[in-house]
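> Can you read through this structure? Questions will come right after.
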Amino acid sequence: MRTTSGQRTDEPLDWRTVIPTIAAVFVASRVLLIVVASLVEAYVPLTDPTKAWSSAPILTSLTTSDAVYYLGIAANGYHVLPVSGPYHDYVFFPLYPLLVRLASVLTLGDIAVAGVLVANGAFLVALVLLYRLMTRYLDHDTAILAIVFLVTAPGSVAFAMAYSEGLFLLLVIAAFLAAEGRRYPLMGLVYGLAALTRLPGLFLAIPLVLQLVADGGRRPTRHWLWLLAGPLALACFYAYLGVLTGDPLANLHGQAAWDAPAMAPATGGSIETRSDPLFLILAAVLIVYAFLFVYARPDRTPIPHAAWAVTVFASVFVGGRILSAPRYLVVAWPFAGWLAGRRAGWFRAAWPIVWLGLFGLFAFLNFTTTLAP
Numbered sequence: 006m007r008t009t010s011g012q013r014t015d016e017p018l019d020w021r022t023v024i025p026t027i028a029a030v031f032v033a034s035r036v037l038l039i040v041v042a043s044l045v046e047a048y049v050p051l052t053d054p055t056k057a058w059s060s061a062p063i064l065t066s067l068t069t070s071d072a073v074y075y076l077g078i079a080a081n082g083y084h085v086l087p088v089s090g091p092y093h094d095y096v097f098f099p100l101y102p103l104l105v106r107l108a109s110v111l112t113l114g115d116i117a118v119a120g121v122l123v124a125n126g127a128f129l130v131a132l133v134l135l136y137r138l139m140t141r142y143l144d145h146d147t148a149i150l151a152i153v154f155l156v157t158a159p160g161s162v163a164f165a166m167a168y169s170e171g172l173f174l175l176l177v178i179a180a181f182l183a184a185e186g187r188r189y190p191l192m193g194l195v196y197g198l199a200a201l202t203r204l205p206g207l208f209l210a211i212p213l214v215l216q217l218v219a220d221g222g223r224r225p226t227r228h229w230l231w232l233l234a235g236p237l238a239l240a241c242f243y244a245y246l247g248v249l250t251g252d253p254l255a256n257l258h259g260q261a262a263w264d265a266p267a268m269a270p271a272t273g274g275s276i277e278t279r280s281d282p283l284f285l286i287l288a289a290v291l292i293v294y295a296f297l298f299v300y301a302r303p304d305r306t307p308i309p310h311a312a313w314a315v316t317v318f319a320s321v322f323v324g325g326r327i328l329s330a331p332r333y334l335v336v337a338w339p340f341a342g343w344l345a346g347r348r349a350g351w352f353r354a355a356w357p358i359v360w361l362g363l364f365g366l367f368a369f370l371n372f373t374t375t376l377a378p
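6 is the number of the first residue of the sequence shown in the working numbering; add one for each residue after it.
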């Protein structure tokens, strides 16, 4: 935590107060999503049942779009042939489906319930770890507000669904905590797991390198070698795909099917003009995130944290994933911290309402598959 002089301290945290507060924010967001899902399923049912893994109430909304592929892998493993149209399931990374498969033992084989529980459970733990990370640089109230902004960000709908985002956020934050605590073997382990969760996990090396440099740079070679964990984990996955499909880079090559309609919504149409409502909504979200760079406080934002935000923001454009920009950007938690750090009274009063409105809107768009997360 920082004192008024801006110095870090090791002041113990009152977890008896913090954890219930974080849990309350988490539960409130889930109640809102359940309400939206109930309304969608009652009045705007899916026209194509294959777009959801489960047909059970609420689970239908939480297992749409990419969740079908994740849960399919958890249930049946990877397939050599496309599982839907031109789409291959091996473009999705293995750690989240593996954990869902293990969790399904506790849910008596119900893959959908297991997928939602793993996603939400990982996200809740990530929020607790994020509070610990942020209070090294921010005061308690700002850290809690940042968590509120993260939980209600437009892309945070994916954290409630059977997606890998919650797990990925957990691993990224754990890697930062381990690196800042100079627990390098743990950092390497978590980094490797992040690389097996999402491809951007590989680029977690950028802020981790900067963190090692910030800690002195002249570290023993064995400490730097832990940064090989990510590439090695990814190489193992690609080697497995080579055996399965005959193409070690099948994961990358399979992305072409998704990249082709880069600006096409889940409904099958296309965002052709800048006057399209979906385009305007997505553009507004991107502008907000870009604008926040102006308010990045150097005295409260360590360089490795800012580097992660820049890396995630750049990946949206390099990968051409504009439609999924809110989901990709939400794992860059420094943005939430920058939002919470705004001191203007009107902003602190109005922005939570704006953010919550966007959260509800994206829940509606995602659950109806009008716009896939």
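Cβ atoms here follow ideal geometry from the backbone N, Cα and C, with glycine treated the same way. In this text the structure is predicted, and so the values were computed from the model without any measurement.
Rank 212, 198, 33 and 214 by C-alpha distance to the C-alpha of residue 240 and give the top, closest one.
Nearest option by C-alpha distance: 198.
> Taking the CB atoms as reference points, tell me whether residue 139 and residue 127 lie closer together than 8 Å.
Contact flag unset, no.
> Rounded to whole angstroms, what's the CA-CA distance from residue 344 to residue 151? Just pull it up for me.
Spanning the two alpha carbons is a distance of roughly 7 Å.
> Starting from the Cα of residue 78, find the closest Cα among 59, 91, 98 and 90 and give me that residue.
Here the closest residue by C-alpha is 98.
> Where do the ends of the alpha helix (DSSP H) carrying residue 292 lie?
Residues 282-297.
> Leaving aside the five residues before and after residue 170 along the sequence, list all residues of the same chain whose C-beta is less than 6 Å from its C-beta, in chain order.
Once the five neighbours on either side are set aside, the close Cβ partners of residue 170 are 163 and 164.
> Along the alpha helix (DSSP H) that carries residue 35, what are the first and last residues, could you check?
Note, residue 35: alpha helix (DSSP H), 20-48.
> Residue range of the alpha helix (DSSP H) that residue 260 falls in?
No alpha helix (DSSP H) contains residue 260, which DSSP labels as neither H nor E.
> Leaving out five residues on either side along the sequence, give the residues of the same chain with a beta carbon under 7 Å from the beta carbon of residue 205.
Within the same chain, residue 205 has close Cβ partners 317 and 320.
> Leaving out five residues on either side along the sequence, give the residues of the same chain with a beta carbon under 6 Å from the beta carbon of residue 153.
Counting only Cβ-Cβ distances below 6 Å, and skipping sequence neighbours, we find 30.
> Taking residue 23 as the reference, give the member of 296, 336 and 129 with the closest Cα.
Of the listed residues, the one whose Cα sits closest to residue 23 is 129.
> Can you name the start and end residues of the alpha helix (DSSP H) that residue 243 belongs to?
Element bounds for residue 243: 234-250.
> Whole angstroms is fine: what's the gap from residue 328's alpha carbon to residue 36's?
Going by the C-alpha atoms only, they are around 26 Å apart.
> Near residue 66, what residues of its chain come up, given a Cβ to Cβ distance below 7 Å and the 5 sequence neighbours on each side ignored?
Closer than 7 Å at the Cβ level, and outside the excluded window around residue 66, lie 42, 45, 46 and 372.
> Would you decide whether residue 193 is buried or exposed? Buried here means 16 or more other CB atoms lie within 10 Å of its CB.
Buried, because 16 or more other Cβ atoms sit within 10 Å of the Cβ of residue 193.
> Does residue 247 have its Cβ less than 8 Å from a Cβ in chain B?
In the structure shown, chain B cannot be found, because there is only a single protein chain.
> Per DSSP, which one or two residues make a beta bridge with residue 180?
Answer is none; residue 180 lacks a bridge partner.
> Using the Cα positions of residue 62 and residue 115, report the straight-line distance between them to the nearest angstrom.
So the alpha carbons of these two residues sit roughly 14 Å apart.
> With distance defined between alpha-carbon atoms, name the residue in 103, 38 and 143 nearest to residue 18.
The shortest Cα separation from residue 18 among 103, 38 and 143 belongs to 143.
> Give me the Cβ distance between residue 221 and residue 334, rounded to the nearest whole Å; I'm assuming they're in contact under 8 Å.
Not a contact, Cβ separation roughly 32 Å.
> Compare the C-alpha of residue 314 against each of 133, 201 and 213 and name the closest.
Cα-wise, what sits closest to residue 314 is 213.
> For residue 52, count neighbouring Cβ atoms within 10 angstroms of its own Cβ and tell me buried if that reaches 16, exposed if not.
The residue is exposed, with fewer than 16 neighbouring Cβ atoms inside 10 Å.
> Only counting the same chain, and skipping five residues up and downstream in sequence, which positions put a Cβ closer than 8 Å to that of residue 380?
This structure does not reach residue 380, given that the chain is present from 6 up to 378, and the question cannot be answered.
> What is the C-beta distance between residue 311 and residue 339, in whole angstroms, given that I count them as a contact (C-beta under 8 Å)?
With a Cβ gap of about 6 Å, residue 311 and residue 339 count as contacting.
> So residue 120 and residue 57 are in contact, right, with Cβ under 8 Å, and what is the actual spacing, rounded?
Incorrect: roughly 12 Å between the Cβ atoms, too far for contact.
> Compare the C-alpha of residue 215 against each of 201, 174 and 232 and name the closest.
Of the listed residues, the one whose Cα sits closest to residue 215 is 232.
> With a Cβ-Cβ cutoff of 8 Å, do residue 236 and residue 217 count as a contact?
Not closer than 8 Å, so no.
> To the nearest angstrom, how far is the alpha carbon of residue 353 from that of residue 359?
Rounded to whole angstroms, residue 353 to residue 359 spans 11 Å at the Cα level.
> Check residue 66 in the structure and name its three-state DSSP category.
Correct three-state label for residue 66: helix.
> Could you pull out every residue in the same chain whose Cβ sits closer than 8 Å to the Cβ of residue 219, ignoring the five residues on either side in sequence?
Taken in chain order, the residues that qualify are 307, 308 and 309.
> Look at the Cβ atom of residue 259, then the Cβ atom of residue 93, and state whether they are nearer than 8 Å.
Contact: yes.
> What separation, rounded to the nearest whole angstrom, lies between the Cα atoms of residue 349 and residue 289?
Taking the straight line joining both Cα atoms gives about 21 Å.
> May I ask whether a heavy atom of the ligand MG can be found less than 7 Å away from the beta carbon of residue 184?
By its list of ligands, the structure shown contains no ligand whatsoever, and the ligand MG lies outside what it can speak to.
> Would you kindly check if the distance between the Cβ of residue 74 and the Cβ of residue 172 is under 8 Å?
No, the Cβ-Cβ distance between residue 172 and residue 74 is not below 8 Å.
> Report the residue from 249, 202, 247 and 111 whose alpha carbon sits nearest the alpha carbon of residue 238.
The shortest C-alpha separation from residue 238 is found at 202.
> Smallest Cα separation from residue 96: which of 346, 262, 364 and 32?
Among 346, 262, 364 and 32, the Cα nearest to that of residue 96 is on 262.
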